[in-house]
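Accompanying notes for the structure given below.
Number of protein chains: 2
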Amino acid sequence: MVSSKGRLDIALVHYPVYNKNRQEIASAVTNLDLHDLARAARTYGVGTVYIVTPIVDQQELVAEIMGHWQDGYGATYNQDRKEALTVVKVCSDLAQARELAGPLTVLATGAKEREGSLAWPDVRERLREGESFLILFGTAWGLTREVFAECEGALAPISGGDTGYNHLSVRSAVAISLDRLLGQHN
Amino acid sequence: MVSSKGRLDIALVHYPVYNKNRQEIASAVTNLDLHDLARAARTYGVGTVYIVTPIVDQQELVAEIMGHWQDGYGATYNQDRKEALTVVKVCSDLAQARELAGPLTVLATGAKEREGSLAWPDVRERLREGESFLILFGTAWGLTREVFAECEGALAPISGGDTGYNHLSVRSAVAISLDRLLGQHN
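Chain order of the listed sequences is C and F. Quick note on this note's numbering: the first sequence kicks off at -13 and runs consecutively. Quick note on this note's numbering: the second sequence kicks off at -13 and runs consecutively.
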């Protein structure tokens, strides 16, 4: 949280995203994404992690996982996971996530260079000064062009330098993003 | 790699690590750790990702996973994963990882504050100036005290600020570490 005055929320988007062949799909929710994102979010003081999927079965799966760790056996087995999952909310679409998040700046993320994308230190500074953000992360092969068009902006792609390779898992991308925006780098 | 002259290798250690009750155990290798670490390593220009486990069955599992993605069906299905996994090597213990890595500085990582731990910007600078490092990451509840004692030093714990919570997955911790040491933060 450092001294950020703004709130940072994130959304893990399972629809609409691209598959390998650039077709629009709804990807599957995974247990590990939920845990990794919740733990990273709680570590960095993120407000809410929205899990976005229109598929009712998948929404129920998320509720089941959360129930296991919050009220079931998992709650006594591992308190840290119980606590982390309190930041998670399920949404059927991005409009609902926006509504729940309230007025804030919505930014998309992706691995490709885009004109006019925002530099990480600038968004970090805006957060620190009090602006609140909802940052969207796409599963599978990433957020569709329409999602980018609907956002107030996009963050610069995460770069590891001139390695000729840029294929982070969404779990890695979220962790790095939170560290860039909220981490104490000492 | 930005303009780092030193080489950065990492090791994912499955033994010796602590379990929840601070007993020394060998943890299980997971498919997703392998993929996430390999993809992050390749994105940031890491030299080698050592997967350390003394359990022969587990070593074979790693070889099988790598075979699937490098020569089997996975190799044609997803070239990016094939390429990422070229950085992975299996080792039976840390001594073997050190031997394969050659002369460099070995650092441990963990979530707890430790006296004399190294600041991230300092290690980034040493890398940039030409020093090579092997950085150890513990699975389960972290590297044992003996591992810390055998290393040349330890990195400061990753901090997300005063959130009262610090329980990142090892996948998140590795991704953030690589970004702190090798990322281009613009």
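We treat Cβ as the ideally placed atom computed from N, Cα and C, and that holds for glycine.
Practice problem: From the DSSP output, read off the bridge partner residues of Q170 of chain F. | Solution: Within the second sequence, residue 170 of chain F is the residue found at index 184, counting from 1. Per the DSSP secondary-structure output, Q170 of chain F pairs in a beta bridge with C:S145.
Quiz item: How many Å lie between L141 of chain C and L20 of chain C at the Cα?
Solution: By 1-based counting over the first sequence, the position of residue 141 of chain C is 155. By 1-based counting over the first sequence, the position of residue 20 of chain C is 34. Computed Cα separation, rounded: 22 Å.
Quiz item: If you run the structure through DSSP and keep just helix, strand and coil, what is Y63 of chain C?
Solution: For the purposes of this step, residue 63 of chain C is taken as residue 77 along the first sequence, with counting starting at 1. Reduced to three states, the DSSP call for Y63 of chain C is helix.
Practice problem: Might you give, ordered along the chain, the residues of its own chain that have their beta carbon closer than 6 Å to the beta carbon of S163 of chain F, omitting 5 neighbours on each side? | Solution: Numbered from 1 along the second sequence, position 177 holds the residue referred to as residue 163 of chain F. Close CB contacts of S163 of chain F within its chain, under the 6 Å cut and outside five residues either way in sequence, are absent.
Self-check item: Contact set between the segment 55 to 77 of chain F and chain C, restricted to residues whose Cβ is under 9 Å from the partner
Solution: From the segment 55 to 77 of chain F, only Y63, N64, D66, R67, E69, A70 have a Cβ closer than 9 Å to chain C.
Quiz prompt | Separation of G96 of chain C from N112 of chain C, as counted between CA atoms | solution = Residue numbering aside, residue 112 of chain C sits at position 126 when the first sequence is read from its first letter. Residue numbering aside, residue 96 of chain C sits at position 110 when the first sequence is read from its first letter. With the sequence shown as reference, residue 112 of chain C is identified as Arg, and Asn is not the correct amino acid for it. Taking the straight line from one Cα to the other gives about 20 Å.
Quiz item: Can you name the residues that DSSP bridges to L104 of chain C?
Solution: Working through the first sequence from its first residue, we reach residue 104 of chain C at position 118. BP columns for L104 of chain C point to C:L141.
Self-check item: Cβ pair D57 of chain C, V32 of chain C closer than 8 Å
Solution: Locating residue 57 of chain C in the first sequence gives position 71, counting from the first residue. Locating residue 32 of chain C in the first sequence gives position 46, counting from the first residue. Result no, Cβ atoms of D57 of chain C and V32 of chain C do not sit closer than 8 Å.
Practice problem: With 8 Å as the C-beta to C-beta threshold (strictly closer), list the residues of the segment 18 to 37 of chain C near chain D in chain order. | Solution: Going by chain labels, chain D is absent from the structure shown, which instead holds the protein chains C and F.
Quiz item: Taking three-plus beta-carbon pairs below 8 Å as touching, is the segment 81 to 101 of chain C in contact with the segment 115 to 132 of chain C?
Solution: Touching, yes, given that three or more Cβ pairs across the two stretches are closer than 8 Å.
Quiz item: Do we get a CB-CB distance below 8 Å when we pair L164 of chain F with the residues of chain C?
Solution: Looking up residue 164 of chain F in the second sequence gives position 178. So yes, L164 of chain F belongs to the interface.
Practice problem: Look at the alpha carbon of G147 of chain F and the alpha carbon of L129 of chain C, and state the distance between them as a whole number of angstroms. | Solution: Reading the second sequence from its first residue, position 161 is the one you call residue 147 of chain F. Reading the first sequence from its first residue, position 143 is the one you call residue 129 of chain C. Each residue's Cα considered, the two are about 29 Å apart.
Exercise. Taking only runs that begin and end inside the segment 17 to 42 of chain F, name each unbroken alpha helix (DSSP H) of 4 or more residues, in chain order.
Key: List check, alpha helix (DSSP H) in window: 17 to 30.
Exercise. Could you check how far apart the C-beta atoms of L71 of chain F and A24 of chain F are, in whole angstroms? I think they sit under 8 Å.
Key: Translated into the one-based positions of the second sequence, residue 71 of chain F becomes position 85. Translated into the one-based positions of the second sequence, residue 24 of chain F becomes position 38. About 5 Å separates the two Cβ atoms, so the contact holds.
Quiz item: S145 of chain F CB to nearest chain C CB: under 8 Å?
Solution: As a first step, residue 145 of chain F is located in the second sequence; it is residue number 159 there, counting from the start. For S145 of chain F, at least one C-beta of chain C is nearer than 8 Å to its own C-beta.
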